[in-house]
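Note that the sequence shown covers residues 1 to 253 in this note's numbering. The C-beta atom is built at its ideal place from N, Cα and C for all residues, glycine as well. Bear in mind the structure is a predicted one, so any value in this text is a computation, not a measurement.
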Amino acid sequence: MIDINVTSDFKKIANILRGLHKEERDSIIDQVLSNETISEGLTIQYNFEKPFSKTDAVSLLFYNGLLTIVDSFSGLLTYVIPNYVIKQLYWEYFRSLKETEDNFSFDIAEIGFSLKEMSIDGKIQRLVEYSQKVMNSISFRDLQNFNEKHLKMIFMTLLAGNSAYFVSSELETGPGYADIYLKRTKSNPGQFDHLIELKYLKAAELNSLENIKTKGIKQVIDYRDSLPEEIRSGLKTWLLLFHGKFEVVIVDV
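This is the structure we're talking about:
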């Protein structure tokens, strides 16, 4: 799904992080993808007699152009992803990890058909149904701790690297940040962009589903109405309320 010319950079991320313990590797990926920033030191000279550290890995990502420095204080540097293309590479890497760890292959054709439906027909049902299949196929050891962050990670993983849409997480609007925004690329012949807000209700919250739904609809409307007219034109807005083992209520707002 990603341009063959930058596939080597995806492999570069994998090679750099391969030397870390799983917990350290996952910590880097989680921070970079969830927060789009990570704070670490900077290794100036590598000592190959010492174990490869998290700081060493983040520094190598920086030296290879996969992170850039935006701030520093007393040896602690703030790194961010430098551009959209590199961001997609991190999502591609995360996808490959899930496929390896869970012995599961993402269906690229199904994702493509889902994106076509979104673009041409303005519908999201097929993407949602495939996301449910994915979530029921990969491991979530503690469903009690499953939340909207995990939902967004799954959707962003499905959408990463496609050529039909530019995919943004945490789109800034007047009232706050929308979870996912898809804007058509020049190669997309369709007519619909999409703004998606994700919710996950725990068992104790199910009795409040209608109240949460009402508040969520208002939230999405406020997000949409605060956007410039040129963005709102052709924009479909969605509230997706997941609960239990990934049952879902789809609201076309």
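Cβ neighbours of residue i in the same chain (closer than 6 Å, five flanking residues each side left out)
{"i": "residue 254", "result": "What the structure shows of the chain is the stretch from 1 to 253, and residue 254 is not part of that stretch, so it cannot be assessed."}
{"i": "residue 110", "result": "130"}
{"i": "residue 58", "result": "40"}
Close Cβ partners of residue i (< 7 Å) along its chain, the five nearest in sequence each way excluded
{"i": "residue 154", "result": "131, 134 and 135"}
{"i": "residue 181", "result": "168, 171 and 195"}
{"i": "residue 192", "result": "118, 119, 122, 234 and 236"}
{"i": "residue 81", "result": "32, 36, 67, 87 and 90"}
{"i": "residue 25", "result": "17"}
{"i": "residue 5", "result": "With a pLDDT of 48 at residue 5, under the threshold of 50, the modelled position of that residue is not reliable, and the figure given next carries that caveat. Answer for residue 5: no residue qualifies."}
{"i": "residue 188", "result": "119, 164 and 165"}
{"i": "residue 173", "result": "223, 226 and 227"}
{"i": "residue 178", "result": "171, 195, 197 and 223"}
{"i": "residue 115", "result": "162, 164 and 165"}
Nearest-angstrom Cα separation, counted from residue j out to residue i
{"i": "residue 209", "j": "residue 163", "result": "36 Å"}
{"i": "residue 239", "j": "residue 204", "result": "20 Å"}
{"i": "residue 138", "j": "residue 185", "result": "30 Å"}
{"i": "residue 105", "j": "residue 99", "result": "5 Å"}
{"i": "residue 49", "j": "residue 146", "result": "40 Å"}
{"i": "residue 113", "j": "residue 44", "result": "47 Å"}
{"i": "residue 232", "j": "residue 251", "result": "18 Å"}
{"i": "residue 246", "j": "residue 148", "result": "12 Å"}
{"i": "residue 94", "j": "residue 30", "result": "9 Å"}
{"i": "residue 183", "j": "residue 253", "result": "18 Å"}
{"i": "residue 230", "j": "residue 197", "result": "20 Å"}
{"i": "residue 158", "j": "residue 84", "result": "16 Å"}
{"i": "residue 243", "j": "residue 190", "result": "31 Å"}
{"i": "residue 96", "j": "residue 108", "result": "13 Å"}
{"i": "residue 126", "j": "residue 207", "result": "27 Å"}
{"i": "residue 341", "j": "residue 124", "result": "Since the first and last residues shown for the chain are 1 and 253, residue 341 lies out of range."}
{"i": "residue 152", "j": "residue 211", "result": "22 Å"}
Nearest to residue i (by Cα), restricted to the options the options
{"i": "residue 216", "options": "199, 65, 149 and 189", "result": "199"}
{"i": "residue 74", "options": "41, 126, 152 and 129", "result": "41"}
{"i": "residue 248", "options": "213, 34 and 106", "result": "213"}
{"i": "residue 34", "options": "156, 202, 243 and 207", "result": "156"}
{"i": "residue 128", "options": "241, 14, 12 and 58", "result": "241"}
Helix, strand or coil at residue i [DSSP, three-state]
{"i": "residue 166", "result": "strand"}
{"i": "residue 12", "result": "helix"}
{"i": "residue 237", "result": "strand"}
{"i": "residue 138", "result": "coil"}
{"i": "residue 18", "result": "coil"}
{"i": "residue 213", "result": "helix"}
{"i": "residue 171", "result": "strand"}
{"i": "residue 255", "result": "A question about residue 255 goes unanswered here, because the residues of the chain that appear run from 1 up to 253."}
{"i": "residue 46", "result": "coil"}
{"i": "residue 197", "result": "strand"}
{"i": "residue 59", "result": "helix"}
{"i": "residue 253", "result": "coil"}
Beta-carbon contacts of residue i that lie in its chain and below 8 Å, excluding the five residues immediately before and after
{"i": "residue 175", "result": "219, 222, 223 and 226"}
{"i": "residue 52", "result": "19 and 20"}
{"i": "residue 71", "result": "77 and 78"}
{"i": "residue 23", "result": "none"}
{"i": "residue 14", "result": "93 and 96"}
{"i": "residue 54", "result": "20, 24, 27, 28 and 40"}
{"i": "residue 12", "result": "64 and 66"}
Inter-residue CB distance, residue i and residue j (contact presumed, cutoff 8 Å)
{"i": "residue 77", "j": "residue 39", "result": "7 Å"}
{"i": "residue 46", "j": "residue 56", "result": "7 Å"}
Test: residue i CB closer than 8 Å to a CB of chain B
{"i": "residue 216", "result": "Absent from the structure: chain B. Only one protein chain is present."}
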